[in-house]
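Take a look at the structure set out below.
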Amino acid sequence: MRIARIDLDGVARAAIVADGAARPLPEDVGVLDLLGAEPADRERLGARATTELALDQVRLLAPVQPPSMRDFSVFEQHVAGAVKVTGGPDAAVFPIWYERPFCYFSNPTEVSGPGAEVAAPPGSDQLDLELEVAAIIGRAGRDIAPGDAGAHIAGYTIWNDWSSRDLAARELRLPFGFCKAKDFANTLGPWIVTPDELEPYRDGDRLDLAMKATINGVELGGDTLASMAWSFEELVAFASMGASVAAGDVIGSGTCGGGCLYELWGHAQALEPPPLQPGDVVTLEVDGIGTLTNTVVAQTVAPLEFPPARTTRTSATAEARS
1 MRIARIDLDG VARAAIVADG AARPLPEDVG VLDLLGAEPA DRERLGARAT
51 TELALDQVRL LAPVQPPSMR DFSVFEQHVA GAVKVTGGPD AAVFPIWYER
101 PFCYFSNPTE VSGPGAEVAA PPGSDQLDLE LEVAAIIGRA GRDIAPGDAG
151 AHIAGYTIWN DWSSRDLAAR ELRLPFGFCK AKDFANTLGP WIVTPDELEP
201 YRDGDRLDLA MKATINGVEL GGDTLASMAW SFEELVAFAS MGASVAAGDV
251 IGSGTCGGGC LYELWGHAQA LEPPPLQPGD VVTLEVDGIG TLTNTVVAQT
301 VAPLEFPPAR TTRTSATAEA RS
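Laid out in structure tokens, this is it:
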């Protein structure tokens, strides 16, 4: 099953996509209802669709509004190029990367869908795309074993984890991780594909899905999802270790090899190809899932001007606390 959200007369509605059409579901059936249902119950819910709309007649939204977004980085080829940006042409993948998966939390309030316009964050001129696949949690859990994690994955979608590389370089000077470099845009879509549809691509505990990114119709690069150093089941287990995952949560693979500009900048030791500019059309394609296309637009908000930092407390503050 392919589960989507569409704009129906200004209201977001869950829909089933099949045979080039979107079939909106009654208002009392939401995406989380479909994700959390057992396969037979999901089919029963999907059968409640009574109308059919051609896909080119509807506006697809992000297929889910996630409670949280964890983004991992499990493609060695991507990391091998990325570390060369700051470490130079001879930099190697950090040994700790091979020890266990790691992730950061992205911003679930800044989620858009197919066709949405995306701008670089204020003060940035190094906008980049990131080609990823995300697993969507259908069943909540905590301390999930890898062997049980598959039962918690309701489906998969494409994730463009847009990034500001110049802001990231500044933020990583402190040991706190990303902030404004990552929280301005996340694009998901075009829909969520349930695991049974992707079984023909299964290779052991990986999915051998070809992944490709293009900018203005020119191929940037790509990989296969089977190149993941850890499986999605292992990522879900790690995410749930000592913490909970909830229905609708997004678990990202991280950028695949050849799936962003930053990796290529590391190998070239230059901003080649150049950062994304207004008017650029970015398309991500993943076998078995579909395509996700967005257009870059100009910034409309100027960066804030901050006063110089105070290095010591003012005398009045010191006196008030004494």
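Just so you know, the working numbering puts 79 at position 79 of the sequence shown, and the rest follows in order with no gaps. Backbone N, C-alpha and C define an ideal beta-carbon position, used for all residues, glycine too.
Review point. So the beta strand (DSSP E) Ala328 belongs to, where does it begin and stop?
Key: The requested residue 328 is not part of the displayed model; the chain covers only 1 to 322.
**Study point:** Pairwise C-alpha distance: Asp287 and Ala54
**Key:** Locating residue 54 in the sequence shown gives position 54, where the first residue counts as 1. Locating residue 287 in the sequence shown gives position 287, where the first residue counts as 1. If you take the alpha carbons of Ala54 and Asp287, they lie about 22 Å apart.
Point to revise | Contact test: Gly189 Cβ vs the ligand NAD heavy atom, cutoff 8 Å | key: Summarising the ligand content, the structure contains no ligands, and the ligand NAD is consequently not present.
Check your understanding: DSSP three-state call for Trp191: helix, strand or coil?
Key -> By 1-based counting over the sequence shown, the position of residue 191 is 191. Strand at Trp191.
Exercise for review: Please go through the segment 58 to 138 and give each complete beta strand (DSSP E) segment of 3 or more residues, from N-terminal end onward.
Suggested key: The DSSP assignment places 59 to 61, 69 to 72, 103 to 105, 117 to 119, 131 to 137 as complete runs of the beta strand (DSSP E) inside the segment 58 to 138, in order along the chain (cut-off: 3 residues).
Exercise for review: Entirely within the segment 4 to 55 and at least 3 residues each: give me those beta strand (DSSP E) ranges in chain order.
Suggested key: 11 to 18, 21 to 24
Check your understanding: Going straight from the alpha carbon of Ile158 to that of Thr187, what length do you get?
Key -> Indexing the sequence shown from 1 puts residue 158 at position 158. Indexing the sequence shown from 1 puts residue 187 at position 187. If you take the alpha carbons of Ile158 and Thr187, they lie about 8 Å apart.
Practice item. Take the Cβ of Asp7 as the centre, count every other Cβ of all protein chains shown within 10 Å, and call the residue buried at 16 or more, exposed below. Key: By one-based count along the sequence shown, residue 7 stands at place 7. Per the 10 Å Cβ criterion, exposed.
Check your understanding: Does the pairing of the segment 57 to 73 with the segment 107 to 123 give three or more beta-carbon distances under 8 Å?
Key -> yes
Check your understanding: What do you get for Gly258, buried or exposed, if any count of 16 or more other CB atoms within 10 angstroms of its CB means buried?
Key -> Here residue 258 refers to the residue found at position 258 when the sequence shown is read from its first residue. Answer is buried; the Cβ neighbour count reaches 16.
Exercise for review: With a threshold of 16 other CB atoms inside 10 Å of the CB of Val79, please say whether the residue is buried or exposed.
Suggested key: Locating residue 79 in the sequence shown gives position 79, where the first residue counts as 1. With 16 or more other Cβ atoms within 10 Å, it is buried.
Review point. How many angstroms separate the CA atom of Asn107 from the CA atom of Arg100?
Key: Against the sequence shown, residue 107 aligns to sequence position 107. Against the sequence shown, residue 100 aligns to sequence position 100. Approximately 23 Å, taken between the alpha carbons.
Review point. At what residue ranges does the segment 180 to 255 contain a whole run of the beta strand (DSSP E), taking only runs of 3 or more?
Key: Taken in chain order, the whole beta strand (DSSP E) runs of length 3 or more contained in the segment 180 to 255 are 186 to 193, 210 to 215, 218 to 224, 250 to 252.
Exercise for review: Can you have a look at Val250 and say buried or exposed, based on whether 16 or more other CB atoms are within 10 angstroms of its CB?
Suggested key: Along the sequence shown, one-based indexing puts residue 250 at 250. Looking at its Cβ environment, which holds 16 or more other Cβ atoms inside 10 Å, Val250 is buried.
Exercise for review: Take the Cβ of Ala40 as the centre, count every other Cβ of all protein chains shown within 10 Å, and call the residue buried at 16 or more, exposed below.
Suggested key: Against the sequence shown, residue 40 aligns to sequence position 40. With fewer than 16 other beta carbons inside 10 angstroms of its own, Ala40 counts as exposed.
Review point. Can you name the residues that DSSP bridges to Pro155?
Key: Walking along the sequence shown from the start, residue 155 turns up at place 155. Reading off the sequence shown, one finds Gly at residue 155, where the question assumed Pro. Beta-bridge pairing links Gly155 to Ile136.
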